[in-house]
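So the structure is just underneath, and the comments pick up after that.
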Amino acid sequence: MTLDLQEKFDAVIAHHDRIEPRDWMPEGYRKTLVRQIAQHAHSEIIGMQPEGNWIGRAPSLRRKAILLAKVQDEAGHGLYLYAACETLGVSRDELVEMLLTGRQKYSSIFNYPTLSYADVGTIGWLVDGAAICNQVPLCRTSYGPYGRAMIRICKEESFHQRQGYELLRTMMGGTDAQRQMVQESVDRFWWPSLMMFGPPDEESPNSARSIAWGIKRNGNDELRQRFVDMTVPQAEALGVTLPDPELRWNDERGHYDFGAPDWAELAAVIRGDGPCNAQRLAHRRAAHDDGAWVREAATAFAERSAR
Ligand code: ACO
Numbered sequence: 004m005t006l007d008l009q010e011k012f013d014a015v016i017a018h019h020d021r022i023e024p025r026d027w028m029p030e031g032y033r034k035t036l037v038r039q040i041a042q043h044a045h046s047e048i049i050g051m052q053p054e055g056n057w058i059g060r061a062p063s064l065r066r067k068a069i070l071l072a073k074v075q076d077e078a079g080h081g082l083y084l085y086a087a088c089e090t091l092g093v094s095r096d097e098l099v100e101m102l103l104t105g106r107q108k109y110s111s112i113f114n115y116p117t118l119s120y121a122d123v124g125t126i127g128w129l130v131d132g133a134a135i136c137n138q139v140p141l142c143r144t145s146y147g148p149y150g151r152a153m154i155r156i157c158k159e160e161s162f163h164q165r166q167g168y169e170l171l172r173t174m175m176g177g178t179d180a181q182r183q184m185v186q187e188s189v190d191r192f193w194w195p196s197l198m199m200f201g202p203p204d205e206e207s208p209n210s211a212r213s214i215a216w217g218i219k220r221n222g223n224d225e226l227r228q229r230f231v232d233m234t235v236p237q238a239e240a241l242g243v244t245l246p247d248p249e250l251r252w253n254d255e256r257g258h259y260d261f262g263a264p265d266w267a268e269l270a271a272v273i274r275g276d277g278p279c280n281a282q283r284l285a286h287r288r289a290a291h292d293d294g295a296w297v298r299e300a301a302t303a304f305a306e307r308s309a310r
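Shown next as structure tokens:
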């Protein structure tokens with residue numbers, strides 16, 4: 004019986020079709036999906052903080068409206084992803100608990116501070132740009148609810164990336180001080196953006212298995228290279244310098260060569276020792292506690308309506 008089920012599962016994966024919630028799946032596949040989707044959802048939710056920091060200080064009403072909409076989109080992404088994860092038999096409460104107790108991770112990038120308004124543009128351009136590179140292939144992931152959530156998320160992320168680039172372009176056409184703000188911001192965010200793709204393939208314990216299951220469609224290094232190749236011409240058009248002396252076009256490979264990020268720094272940030280880890284989690288826990296009355300009221304209302 005199990006053999007038939009396993010064969011059916013393997014055939015779906017081999018044909019690049021979708022596994023759906025009611026289908027049989029190996030326990031390792033389910034666990035890997037819960038880990039990755041939950042981590043992704045938590046990243047969207049924690050990712051609201053660095054930019055949310057600037058909503059009250061946006062330089063114009065137009066910029067405030069754009070930023071508000073963007074941060075709100077991130078909340079929506081978190082919710083689609085939690086919903087996709089719940090189809091794997093884990094509850095929203097359990098997932099939130101695992102974030103708040105540090106048992107599940109979220110992306111390293113959101114543990115860096117946002118020090119100027121240029122960071123709003125740089126996050127849109129580089130961080131959302133890296134997210135798109137990493138997430139477009141996930142639209143073809145083998146688990147149906149995750150892939151469908153990713154299609155909508157990627158459309159919105161591509162708007163986020165453009166708004167970031169547009170903000171930076173406006174600043175680059177402004178004063179010398181504004182141009183310096185952009186360069187300083189890009190200098191801080193370049194290497195952490197490359198780290199978003201995860202450790203090098205040979206140090207990535209999950210990649211081979213996840214690729215065999217069709218959860219991930221590419222290795223970490225391939226997507227990191229794709230991001231560098233896409234971003235260098237954009238930096239040139241913008242007039243900023245990417246802070247990597249080893250960055251140069253390699254005719255033979257048909258790709259840009261680039262230096263190695265500081266992998267010890269990535270490991271430290273993932274461990275919880277990044278510049279803002281403690282602050283991000285403390286803020287999320289406080290928001291969760293502040294929202295307790297809303298959850299209680301919603302539950303009471305649902306119970307009364309059911310009666
Ligand atoms: N930040 C935090 N943790 C990371 C990061 C990172 N940048 N990169 C890798 N890790 C963790 C992995 O989750 C894994 O942890 P675990 O096995 O203890 O749970 C460990 O480091 C080893 O890494 P990998 O074996 O390479 O892990 P994986 O195969 O899951 O690949 C990746 C990591 C590429 C991030 C993958 O999970 C993925 O594509 N996730 C979906 C996209 C996503 O979550 N993006 C983050 C949000 S971006 C945004 O919201 C704008």
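In this text, residue positions in the sequence shown follow this note's numbering: the first is 4, and each later residue adds one. A virtual CB, placed ideally from N, CA and C, is assigned to each residue, including glycine.
{"Item": "Under the three-state DSSP convention, the category residue 146 falls into", "Value": "strand"}
{"Item": "Proximity test, residue 223 beta-carbon vs ligand 1 heavy atom, cut-off 7 Å", "Value": "yes"}
{"Item": "Cβ-Cβ separation, residue 167 to residue 193 (assumed contact under 8 Å), whole Å", "Value": "About 14 Å separates the two Cβ atoms, so there is no contact after all."}
{"Item": "Residue 154, buried or exposed, once every other Cβ within 10 Å from all chains shown has been counted against 16", "Value": "exposed"}
{"Item": "Bridge-paired residues (DSSP) for residue 260", "Value": "251"}
{"Item": "Residues near residue 112 in its chain [Cβ-Cβ closer than 6 Å; skip 5 each side]", "Value": "130, 195, 199"}
{"Item": "Heavy atom of ligand 1 within 7 Å of residue 304 beta-carbon", "Value": "no"}
{"Item": "Nearest residue (CA-CA) to residue 223, options 232, 233, 206, 115", "Value": "206"}
{"Item": "Pairwise C-alpha distance: residue 63 and residue 256", "Value": "45 Å"}
{"Item": "Within 8 Å, strictly: CB atoms of residue 138 and residue 160", "Value": "yes"}
{"Item": "With 16 other Cβ atoms within 10 Å as the buried cut-off, status of residue 171", "Value": "buried"}
{"Item": "Segment contact flag, the segment 45-53 with the segment 64-71, C-beta cutoff 8 Å, min 3 pairs", "Value": "no"}
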